[in-house]
Structure formats: C-alpha cells, structure tokens
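Chemist: The structure follows.
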Amino acid sequence: MVKLDSKIPSGPLAEKWTNHKFNIKLVNPANKRKYDIIVVGTGLAGASAAATLGELGYNVSAFTFHDSPRRAHSIAAQGGINAAKNYQNDGDSVYRLFYDTIKGGDFRAREANVYRLAEVSNNIIDQCVAQGVPFAREYGGLLDNRSFGGAQVSRTFYARGQTGQQLLLGAYSALNRQIAKGKVKMYNRKEMVDLVVVDGKAAGIVTRDLVSGEIETYSAHAVILATGGYANVFFLSTNAMNCNVTAGWRAHKKGAFFANPCYTQIHPTCLPVHGEHQSKLTLMSESLRNDGRVWVSKLKGDMRNPGDIPENERDYYLERKYPSFGNLSPRDISSRSAKEAVDDERGVKGQEAVYLDFEDAINRLGKKAIEEKYGNLFEMYETITGENPYQVPMKIYPAPHYTMGGLWVDYNLMSNLPGLFVLGEANFSDHGANRLGASALMQGLADGYFVIPYTIGNYLASDKPEKHAANSAPFKEAANQIKDFTANLLSIQGKHTVDEIHKKLGRVMWNQVGMARNAEGLKAAIKEIKELKELFWNDVKVVGKAEELNQNLERAGRVADYLELGELMALDALERNESCGGHFREEYQTPEGEALRDDENYTHVAAWQFDKAGAWTRHKEELTFENVELSTRSYK
Amino acid sequence: MGWLSESLNSSIGKKFIMALTGISLILFLIVHLAGNLTLFIGEEAFNLYVESLDKIKPFIRVIEVVLAAIFIFHIVNGIKLYFENRGARPEKYAVNGSRKNSTLFSRTMAQTGSIIFIFLVIHLSTFWKAFNLDTHAADASYYNIVLEWFQIEWYAVLYVICMIILGFHLNHGFQSAFQTFGWNHNKYASLIKKIGTGYAVIMAVGFASIPIYFLLGGM
Amino acid sequence: MAEKMINLKLKVWRQNGPKAVGAFEDHDVSVSADSSFLEMLDELNDSLERNGKDPVVFESDCREGICGTCGLVINGQPHGPIPKIATCQLHMRHFTEGQTIWIEPFRAKAFPVLKDLAVDRSAFDTIMHAGGYVSVNTGGVPDANAIAIPKDVAAEAFDAAACIGCGACVAACKNASAMLFVSAKVSQFAVLPQGQPERYTRVQKMVKVMDELGFGSCTNTYACEAECPKGISVKNIARMNKDYIKAKVKTEKIELEA
Chain P
1 MVKLDSKIPS
11 GPLAEKWTNH
21 KFNIKLVNPA
31 NKRKYDIIVV
41 GTGLAGASAA
51 ATLGELGYNV
61 SAFTFHDSPR
71 RAHSIAAQGG
81 INAAKNYQND
91 GDSVYRLFYD
101 TIKGGDFRAR
111 EANVYRLAEV
121 SNNIIDQCVA
131 QGVPFAREYG
141 GLLDNRSFGG
151 AQVSRTFYAR
161 GQTGQQLLLG
171 AYSALNRQIA
181 KGKVKMYNRK
191 EMVDLVVVDG
201 KAAGIVTRDL
211 VSGEIETYSA
221 HAVILATGGY
231 ANVFFLSTNA
241 MNCNVTAGWR
251 AHKKGAFFAN
261 PCYTQIHPTC
271 LPVHGEHQSK
281 LTLMSESLRN
291 DGRVWVSKLK
301 GDMRNPGDIP
311 ENERDYYLER
321 KYPSFGNLSP
331 RDISSRSAKE
341 AVDDERGVKG
351 QEAVYLDFED
361 AINRLGKKAI
371 EEKYGNLFEM
381 YETITGENPY
391 QVPMKIYPAP
401 HYTMGGLWVD
411 YNLMSNLPGL
421 FVLGEANFSD
431 HGANRLGASA
441 LMQGLADGYF
451 VIPYTIGNYL
461 ASDKPEKHAA
471 NSAPFKEAAN
481 QIKDFTANLL
491 SIQGKHTVDE
501 IHKKLGRVMW
511 NQVGMARNAE
521 GLKAAIKEIK
531 ELKELFWNDV
541 KVVGKAEELN
551 QNLERAGRVA
561 DYLELGELMA
571 LDALERNESC
581 GGHFREEYQT
591 PEGEALRDDE
601 NYTHVAAWQF
611 DKAGAWTRHK
621 EELTFENVEL
631 STRSYK
Chain Y
1001 MGWLSESLNS
1011 SIGKKFIMAL
1021 TGISLILFLI
1031 VHLAGNLTLF
1041 IGEEAFNLYV
1051 ESLDKIKPFI
1061 RVIEVVLAAI
1071 FIFHIVNGIK
1081 LYFENRGARP
1091 EKYAVNGSRK
1101 NSTLFSRTMA
1111 QTGSIIFIFL
1121 VIHLSTFWKA
1131 FNLDTHAADA
1141 SYYNIVLEWF
1151 QIEWYAVLYV
1161 ICMIILGFHL
1171 NHGFQSAFQT
1181 FGWNHNKYAS
1191 LIKKIGTGYA
1201 VIMAVGFASI
1211 PIYFLLGGM
Chain W
2001 MAEKMINLKL
2011 KVWRQNGPKA
2021 VGAFEDHDVS
2031 VSADSSFLEM
2041 LDELNDSLER
2051 NGKDPVVFES
2061 DCREGICGTC
2071 GLVINGQPHG
2081 PIPKIATCQL
2091 HMRHFTEGQT
2101 IWIEPFRAKA
2111 FPVLKDLAVD
2121 RSAFDTIMHA
2131 GGYVSVNTGG
2141 VPDANAIAIP
2151 KDVAAEAFDA
2161 AACIGCGACV
2171 AACKNASAML
2181 FVSAKVSQFA
2191 VLPQGQPERY
2201 TRVQKMVKVM
2211 DELGFGSCTN
2221 TYACEAECPK
2231 GISVKNIARM
2241 NKDYIKAKVK
2251 TEKIELEA
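Chains as they are written, first to last, in this note's numbering: chain P, 1 to 636; chain Y, 1001 to 1219; chain W, 2001 to 2258.
Next up, the structure:
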C-alpha cells in the first residue's frame, strides 16, 4: 500500500504556511535561469504561475491548445473572487473564509491547504488591482463587494459579470510581459498528449501541434499542469467546448494518482436544455441569487404561465427549507432542491426547470439598480432564450459546472510523481466535496501567484532533478506511442461519430453519476461505460488525417479519455458509501433528505492509482481536523 | 529627425497628417467661399475683391505655395493610405456588409477625394489660370470670366456635382479630424458631428449656388 | 415541445491551408430555430463526418460570448446581423425560411486563414507583448484600497477592458485596421492610475508593433464599433490617437526601449 504523504507542515494552523516558507529550500537567484519549467494550460492558474516563475528568473515554456493564452475557460467565470479583506466590516477574517470553505466543502478538504488559500486571498486582490484589473468600486473610489452562496459576509470582489475575464486578462498581461522579456516561451495551439516520466520523475511532455498535426517532445526540470476540470465528461456542461481531461488523464496513466473523481459540482443557475442538438449549457452567475428568488408551483403538473400563479400557490422552496441562507444556500443544496422539485413534477410547465424571479428585487430596488448589477447577465439570458427577464422570471436548471476532484497533490501542490505539479481546478486540493461560489478564481490565482513560486523552488533545490534531452529514448518512445494511438483512432473507420458516443456517455453520466447517485445505478453505469468504450474503439468514425488541422481527431482523443475517466468517476462514487457535498448517494440521507456523511469511515481522500485499462487501486489519505469540528452542514 | 518621419509614417501619423491638412483645407474653403460670395453682390464687389487680392500678390503667392503643399500632402498621403489599406485585405469578402455598419460618406473618402482632385485640376486650369496667367484686356472684368464659364452648361453642371461630392467628403472629414486629434468627448462629439454636417452643407450649397445662379441667370 | 424548423442554403468558405485557393461550398440544412448558429454548423459537420467527408473547420470555445474564439463573417457582417453578440450567441431564430447564408472567415492580411473558417489571430498577442500590461511583479504591491479610483473612471477602464480579442473589429474594418483592439487595451491603462507610469511608452510601443504586422490604418468609418460584440467605443481610438501624438511631440526620449 502506498503511503500518501500530504507533507502538511507542523505547527499551529495559522503559522503553517509562514513556517513552511521559511523552512523550504530556495534556489539562488543566479541559479534560477538554469532551471527549465514547463507549464501546461494558461488559465488563471497556469498564466499566473508562468508569469511569476518567469519574473523569478526561471526559464518557462508555457503551452496552450488555444490560439491565445487569453482564451482559457477561466475567462468565462462571471460572479467574482473571494478574499478575506473584511473591507465591509461585517466580521470577515482569514479564519472565517477558511471555515466557510471547509464547511462548504463538507469537511472533505485539507485544513492546511484551505487555510493557506484563505491567507493568500488578500494578496490576490492587491496583485490584481496593481495590474490594472478594473474591479467594481463604490462612489468613494474604494472596492465594492457582494455576497455569494455559502457565506454570510460580503467578501466577493467582482468586475461586473465578467470577473473571470478581467482576472485572466490580468494574468495574461503579466504573462505577456514575461514573453516579451524572453523569460517565458509561449507555445500556442499545442495540446499536451502525454507526460514523459524518467526514473519516476516528471521529465517533460509530448504535444500535438494542432495546426500541423506534428507530434513534438519537450523536456524540463519540472512540469506544471494547470489544465482545468473535466465536467465535459457529461457532454452537456457549462465548460467550454474544448475543456478536456486529456493532460491530467494521460499523466494519471503515467502514474499520477487521481483523487476524488466523483466530486463534481452541479451549478444551480444554468439555462435549461432546449433540444437534442444543444452543444453546451450556459451558466447564469450565481450572484443572481443575491436578488432573485427561486420558486416553483406548489401544484404538480402546473401548466400555467408564471404570472398566473398567485403568490400563495408558489413554493419558494429554498427560503422555506433553509430560512437563514435562503436563496444563497450552497450550490449542491440548491441544485439538489431543484431536482427534487422537478422529480416531484413541479418543474416549470413540466420541464426540467425552475423559476428565478426578480420581480420583488425590481420593485424594491428599481429596474435601474438591477440593470446596473446584472445588466449583462439579463441581456445574455434574453439573447439565448428570446425572453425578457425584467418581465418574466428566468427559467433555470442545474448543470455540471466544476469538478472538485483532480490529480492528487501534496501541500506543495506536487503530485505523487516527483516533478509533476498540478494547479487550479486540475488538482483536487482545496474545495473538498463542494466548492463555494467565487472560490475557483481565488484558488487558481493563489496556486499560480503565491504557492507554486515557493514550493517549486523547494523541489528544485532539494531534489536537484536533471533535465533529459527531448530526443532521448523515453521521449521518443512516448511520442511513438502517441503516433500509434492517433493512427489507431483513424484506422477504425466505423459507423458512430465521436460526438454521438460522447453524448451517450454524457447521458449515462448525467443520469447515473449526476446530482443523485445510488449503488445500483453506478454499477449499471460502469457496465454501460465499458460497453461504450468498446463501441468507441471498434466502431468510431474519425475522418481526416493525423498531419493536419483535424478537429475531429482532437475530439476523438479527448473522448477516449472521458470514457476511461467516466468509469473511474462511477467507481469512486460507488466506493464512497456516504453523501457529502456534490456527491449525493440516495442511500445515505437524513429523513429530511439532507446529505448524510460517514465521518468514521470516509474522512479521507480517495486517490486512485491506474493499474491497467479498467483497473485501479484505491489509496487513502486520511484527513485530520485539528481546528474545526466536523458537524453536520446546516444552512437552515 | 528620424523620429519625426517615423512618427509621421506610423498609422496614427498618417491619420494625423490627413486630419491636420484636412482641417487647414477646411479653413481655406471658408475664406474661399466668403470671397466667392461677393459674386452675389455684383460685378463691382467681386472685381474689387479680386483686385485687392492682386495688390498683395507676393503674400498670396506664399499662401498659394503653402496651400499647394497642404494639398499635395493630403493627396499623396491619402493615396498611400488607400493602397496600404487595400493591401491589408488581399482577399475580399464575397458579401460586402459594410452598408450595415458604416456610412457611405466614411467609406468613400478615397473615391470622393479622387473626384475632388480631378475637379481641382479642372478648376485650376480654368479659373485659376484665367485669373492668374492669361493676359486680359485692361478693362476685362473678372466677374465676366466667371459668368462666361458658368454659362457653359456642362461646365456648370460638372461644378455642381463636384460640389455635392465635396460636401460628402467634408461631412466625414470634419468630424473625422476631431476624432484623429483625440477630441471625442461625450458632451461635444455629437455637436461636432452636427457642425461638420452643417459646414459640409454650407460649403456644398454655397459653392454650388454660384454656377446655378449664373446658369439660371444666363438662361 | 415541437421545434420550429427552418430550411437554409449555406455557402460555406472552404480553404485547405493558408496558401491554398479557397472557394464556397453549398449545403442545404434544416435546423431548429432555437439552435445557435454554431450548433447548426455542428449538425452540418456531424452529417459530413457520417459521410466520411472533412468537416468544416471553425473555432469556438466558451459559446457564451466571452472567450473571443469564435468569429465568422455571416452575410458580410462579422458575428452576423445582430449587434453586440459573438457568433456563438447568434440564434437561428433570426434567419428566415429559405434564406441563403454566406459564411466567410475573418479576412485580413494579418489574420491568415489556417483552414476553412479558422484564422490565425496571433498578431493580437504580438501587439500585447509590446506593452499590454502594467509592469509589476507578483508580490510587494500596495493594498488594493490604497488608491481610490473614482467609480466612473473604473467603469471607463472596464468598458475598454471588456474587449474579448475576437478580431471582429479588424474583420469589419474596410482597411483591416486593428485600432479598436489596440486602443481598448491602451485606454484601459491610460485612464487608470496604475497605468500612468508607462502610459506614453506603452502607446508608442503597441502602435509600432501594430503597424509592423500588416494591419491597415484607421479611417474613422466606425464599422469596428458597430460590429464589436462588446460595444467597445471608438472613443478609445480617439484617446489612443491623442496619447500617441502627445507622446511623440512631448516626450524627450527619442528611441523606444525594446
């Protein structure tokens, strides 16, 4: 049994990071230029890491499959970023942000990591403002805040409904500065397709040039993955079309453990599905829940228009069930409640949708105030649905949005493979079983700006890894494997398109590994996914050639990985015999239908080791809570 | 002075030249029109105006040289921009949707400019030549020279058409110059646009009214 | 729910590579009025793939109008006929039964076609490298509330910063000029106090690189503003012009540092 060492520093919680920063080894400034670091992904985590490491003097090579680093999906985050600034004087503190995050994650995250996250959150805001990020401000010129789900303080900094965009452009600008200085070499349109491991250490990557189709190899002293989440395994999700798990998954198959894959977040406020050919789901920022009220009819099968349903026949179910948090209840709770209402046949006109109503807020604050706060979101809603949310309530429904699981990392954000670091959504570390709103941006930037620059130095200075030639045998071998893999995909020439199989996988995942799961369904899902995998490898049709711009081939490779990941997600969900956060097992619930944790047996991280196709070993990292008491999460 | 030619050859530099020379020409046109309008007062007034200019001939010559330089700058720079800008899109769109996103005036500055240039050549080779180079009898009247030319139908009609096109050119050029200088202010931008349009209409109507007046008067 | 279907004739630009000669290809499609424009192309590609034909290459990512990846010229207009949206936000309900739709890539010398409808917009990144940033290192910065920034100034900076870098301004401009894009970034920093120290060097550097990349000049037609999915104002161009002229006339430095 592998012992997973989380390398959490000793000492009191509040001093761990400070002590750790003092105790770890440093790389002397003159020596930094002797180290090459590969950063894969240029979202918040990747761009901030690449820029900061470049500033420190390392030679950084950054990779993105996009045409520009600025396209990464961090850009689509709408609502905001949390920080414990307590500018509102409403009782916030580092400890409260830490506590809210741990509790929001249903006590399935590491205390030390989460505390560090809360601690550096304030630096992030300072940094972003210094870069020229145009956060929202009060009339006095100081920064404005708003509140978000799962918190009773106003700690969310925002830039209209485009916070992710502005933060990413900030990180992108810092990255550009280092590219101009020659400290970061930027590789656009190159997708990482394999990790090269030499003597048990991460030594480099294999990439496919998405324009020429060429398979290339790059070596370095350390590799950082900041490649985002895997919610697209559901086919329909709020993730961008090209978000994928390939970089992380291929690293997993080379030995990196995948932790808590079943922890997926279903975001409560998305636009409902409209039809068979829908390509993705659109998220409406959770910030809308600040002023919008969620409701359905009290009657089953009510086909009346919303305006015709009188007040006393409406069920504001979040306010009813969770009076103290109400419409701002955490995401998992809000999503599941919507599903309950729909399962109870009380969805909007028999559809998979509930109302998000702004009538009261417009009456209370005036249309202008609502427009100022949410104008672009309302416009977006109208563009897509053709309905005006100032006049009729929005229709929303939960959709897969974020994945808390990811590659296992220790306190230093290093995976079990030395030299392989994983940042942002791609790792599993900070959100436990459920992520609070406005915390993803915080984590991405915390990892990139303020954690990795310290911890990677420690690895380089103490392990003194060597750099192998990018044309040495292990690299050539890895590249050849990828060429074979690609040739194989193109040679099948079957009947089913890649998207068709992906959609089938998505349906299995959504129905059986989605908002509510049970043992029977999960077992069935594993069987069905295995069959789909079989179908894929025997009867998929991939057109075109390997050595050209071939989007069909790109998707095929990604779907091949989703088919394997999907199985592991179901397996992980099946093995976790409790309900916690985004993982809700129907067998484990309180009589009121709330998630029922099993702290005795499951206060641990499940880290999966890849043995061979369809076979994994489950390792445990026990979670110890020294500072907070494990309580039943209550938002009533 | 490497920095100067570099600056003036930059994209903004070229815009700046267009705007600066354009504004100078806009000012010139006001003076020019004001003088021409003396034609409406009568023969005596106009002749007096031309003769008084004649008295300060050396000064006028300097002004003319400066004006010519401004024109040449404006034209040469415009031609350069036109070809560079065409080169920035080697493969054209099959469907041109520019009607939906911009005004005709703004899109046709090169075309209207070219027509105005042709007009300028004609104008110089007729009136300017007649006033400045041709020898006249001692009692010749400048007024009559104008009268004679404008009673030629095709010439008068050509003039009117060219003046309308000049109006198009000025309509865009006026506000465009302000934008180039960086004067796009929430409070004044719409006013500038209105003034520009007003100016363009006044110039077009003002200059065109003369041939119309003489043509109709002669009929 | 019965979907309303519409039949359309597509004329899609196909081009095998940057140097290849392209041409339009005809396709008849029947599509739900609720579908997005890109979902219509997804469906077209699905049927092409089933028939073993090469699907039409087009780029998209977030499909929410924020990443700036997508961009098609639809019947002569970048991002199609509806103002202030990206191509991915365009829905088929805006087209009529039997309509012919011409689909072209963004065309500009500085944006070479990679394949079909996908173009290379890396020139934008190259401009950003020249100065699209405030030169601060990570750490050691003042508290976020140390400088008060008037709400309207922050809003003005935001309006400029909202640019998604899609390139529609270049595609719309009859001169394929990149002035709106560049001026948006220049303006964001020109109005904020954080951007002041580098204000006049930044504008010179970015304009210089912009000029070198083969974009045309601005002739103030404002087609860019009309087609911009984020409604970026040409006021930014005015500001950039002013800053550039001021920089050239007033600063003592003759050579720009690299």
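The beta-carbon is built from N, C-alpha and C at its ideal position, and this holds for glycine as well.
1. At 7 Å on the CB atoms, spell out the chain P contacts of Ile2149 of chain W, in chain order.
2. Please classify Thr2100 of chain W: does DSSP put it in a helix, a strand, or coil?
3. Hey, Tyr402 of chain P and Arg364 of chain P are a contact pair by Cβ (cut 8 Å); roughly how many whole angstroms apart?
4. In chain order, what residues of the same chain lie with their CB nearer than 6 Å to the CB of Met2001 of chain W, ignoring the 5 residues before and after it?
5. Using a Cβ-Cβ cut-off of less than 7 Å, list which residues of the region 1063-1090 of chain Y approach chain W; keep chain order.
6. For a contact defined as C-beta to C-beta under 9 Å, what are the partners of Gly2216 of chain W on chain Y?
7. Give me the Cβ distance between Ala62 of chain P and Val39 of chain P, rounded to the nearest whole Å; I'm assuming they're in contact under 8 Å.
8. Of all Cβ atoms in chain W, is any one closer than 8 Å to the Cβ of Thr1112 of chain Y?
9. Any idea if Trp17 of chain P is buried or exposed, counting beta-carbon neighbours within 10 angstroms, 16 or more meaning buried?
10. Tell me, please, which residues DSSP counts as bridged to Trp295 of chain P.
11. Given that a residue counts as buried once 16 or more other Cβ atoms are within 10 Å of its Cβ, and exposed if not, what is His1185 of chain Y?
12. Report the three-state DSSP secondary structure of Ser2177 of chain W (helix, strand or coil).
13. Do the region 1020-1039 of chain Y and the region 1063-1077 of chain Y meet, that is, are 3 or more Cβ pairs less than 8 Å apart?
14. Would you list, in chain order, the members of the region 351-379 of chain P that have their beta-carbon closer than 7 Å to a beta-carbon of chain W?
15. Look up Asp360 of chain P in the DSSP assignment and say whether it is helix, strand or coil.
16. Does DSSP classify Thr2251 of chain W as helix, strand or coil?
17. Decide if the region 133-143 of chain P is in contact with the region 457-466 of chain P; the criterion is three or more beta carbon pairs, one per stretch, under 8 Å apart.
18. Would a C-beta distance cut-off of 8 Å place Met2128 of chain W and Lys2084 of chain W closer than the cut-off?
19. Give me the Cα-Cα distance between Gly1013 of chain Y and Gly2068 of chain W, rounded to the nearest whole angstrom.
20. Going by DSSP, what residue range makes up the alpha helix (DSSP H) through Pro29 of chain P?
21. According to DSSP, what are the bridge partners of Gln2077 of chain W?
22. Measuring only the C-alpha atoms, how far is Leu2010 of chain W from Asn2016 of chain W?
23. For Tyr355 of chain P, tell me which candidate among P:Ile370, P:Leu318 and P:Ala369 has the shortest Cα-Cα distance.
24. Drop a sphere of 10 angstroms on the beta-carbon of Arg576 of chain P, count the other beta-carbons inside from all chains shown, and report buried for 16 or more, exposed for fewer.
25. Counting only the same chain and skipping the five closest in sequence on each side, list residues whose C-beta sits under 8 Å from that of Gln178 of chain P.
26. List the DSSP bridge partners of His274 of chain P.
27. Measure the beta-carbon distance from Asp2046 of chain W to Asp539 of chain P and round it to whole angstroms, keeping in mind my assumption that it falls under 8 Å.
28. Is Gly1167 of chain Y close to chain W, meaning its C-beta is less than 8 Å from at least one C-beta of that chain?
29. Are any of the Cβ atoms in chain Y nearer than 8 Å to that of Cys2026 of chain W?
30. Please name the residue in Y:Leu1027, Y:Asn1009, Y:Ile1145 and Y:Phe1127 whose C-alpha comes closest to that of Gly1196 of chain Y.
31. Note down, in chain order, every chain P residue with its Cβ under 8 Å from the Cβ of Glu2003 of chain W.
32. Which residue's Cα is closest to the Cα of Thr2087 of chain W: W:Ala2148, W:Tyr2133, W:Leu2038 and W:Asp2116?
33. Decide if Pro2229 of chain W is buried, meaning its Cβ has at least 16 other Cβ atoms within 10 Å, or exposed.
34. Beta-carbon of Ile2254 of chain W versus every beta-carbon of chain Y: anything under 8 Å?
35. Whole angstroms is fine: what's the gap from Asn1229 of chain Y's alpha carbon to Phe1127 of chain Y's?
36. Counting only runs of 3+ residues fully inside the region 132-174 of chain P, write out the beta strand (DSSP E) ranges in chain order.
Modeler: Reading from the atomic positions:
1. Within 7 Å Cβ-Cβ: Arg137 and Gly141.
2. Secondary structure at Thr2100 of chain W: strand, using DSSP grouped into helix, strand and coil.
3. Incorrect: roughly 31 Å between the Cβ atoms, too far for contact.
4. With a pLDDT of 44 at Met2001 of chain W, under the threshold of 50, the predicted position of this residue should be treated as unreliable, though the coordinate-derived value follows. Same-chain partners within the cutoff: there are none.
5. Residues of the region 1063-1090 of chain Y whose Cβ lies closer than 7 Å to any Cβ of chain W, in chain order: Leu1081, Glu1084, Asn1085, Gly1087, Ala1088, Arg1089 and Pro1090.
6. Under a criterion of Cβ atoms nearer than 9 Å, the residues of chain Y adjacent to Gly2216 of chain W are, in order, Ser1011, Leu1081, Glu1084, Asn1085, Arg1086, Gly1087, Ala1088 and Arg1089.
7. Confirmed, about 5 Å.
8. The beta carbon of Thr1112 of chain Y sits no closer than 8 Å to any beta carbon of chain W.
9. Flag for Trp17 of chain P reads buried.
10. Answer by DSSP bridge pairing, in chain order: P:Tyr355.
11. Around the beta carbon of His1185 of chain Y, fewer than 16 other beta carbons sit within 10 angstroms, so the residue counts as exposed.
12. Assigned with DSSP and collapsed to three states, Ser2177 of chain W falls in strand.
13. At 8 Å Cβ cutoff, the stretches touch.
14. Taking 7 Å as the Cβ-Cβ cut-off against chain W, none of the residues of the region 351-379 of chain P qualify.
15. The answer is helix: DSSP assigns Asp360 of chain P an H, G or I state.
16. Residue state, collapsed to three classes: coil.
17. Taking 8 Å as the limit for Cβ pairs, the verdict is that the region 457-466 of chain P does not touch the region 133-143 of chain P.
18. At least 8 Å separates the beta-carbon of Met2128 of chain W from that of Lys2084 of chain W.
19. So the two alpha carbons sit approximately 30 Å from each other.
20. According to the DSSP assignment, Pro29 of chain P belongs to the alpha helix (DSSP H) that extends over Pro29 to Lys32.
21. BP columns for Gln2077 of chain W point to W:Ile2074.
22. Between Leu2010 of chain W and Asn2016 of chain W, the C-alpha separation is close to 18 Å.
23. Minimum Cα distance to Tyr355 of chain P is reached at P:Leu318.
24. Buried is the call here.
25. Here Gln178 of chain P has Ala50, Ala51, Gly54, Glu55, Val60 and Val184 as same chain residues with Cβ atoms under 8 Å from its own Cβ, once five neighbours each way along the sequence are excluded.
26. His274 of chain P has no beta-bridge partner at all, per DSSP.
27. Rounded, the Cβ-Cβ distance is 16 Å, inconsistent with contact.
28. Between Gly1167 of chain Y and chain W, the shortest Cβ-Cβ separation is not below 8 Å.
29. Note on identity: in this sequence residue 2026 of chain W is Asp, with Cys being the wrong assignment. False, the Cβ-Cβ gap to chain Y never drops below 8 Å.
30. Nearest of Y:Leu1027, Y:Asn1009, Y:Ile1145 and Y:Phe1127 to Gly1196 of chain Y, Cα basis: Y:Leu1027.
31. Contact of Glu2003 of chain W with chain P by beta-carbon distance below 8 Å involves Gly275.
32. Per the Cα distances, W:Leu2038.
33. Counting of Cβ neighbours within 10 angstroms places Pro2229 of chain W among the buried residues, the total reaching 16 or more.
34. Residue contact with chain Y for Ile2254 of chain W: present (Cβ-Cβ distance below 8 Å to some residue of chain Y).
35. Since the first residue shown for chain Y is 1001 and the last is 1219, residue 1229 of chain Y is missing from the structure and cannot be characterised.
36. List check, beta strand (DSSP E) in window: 154-157.
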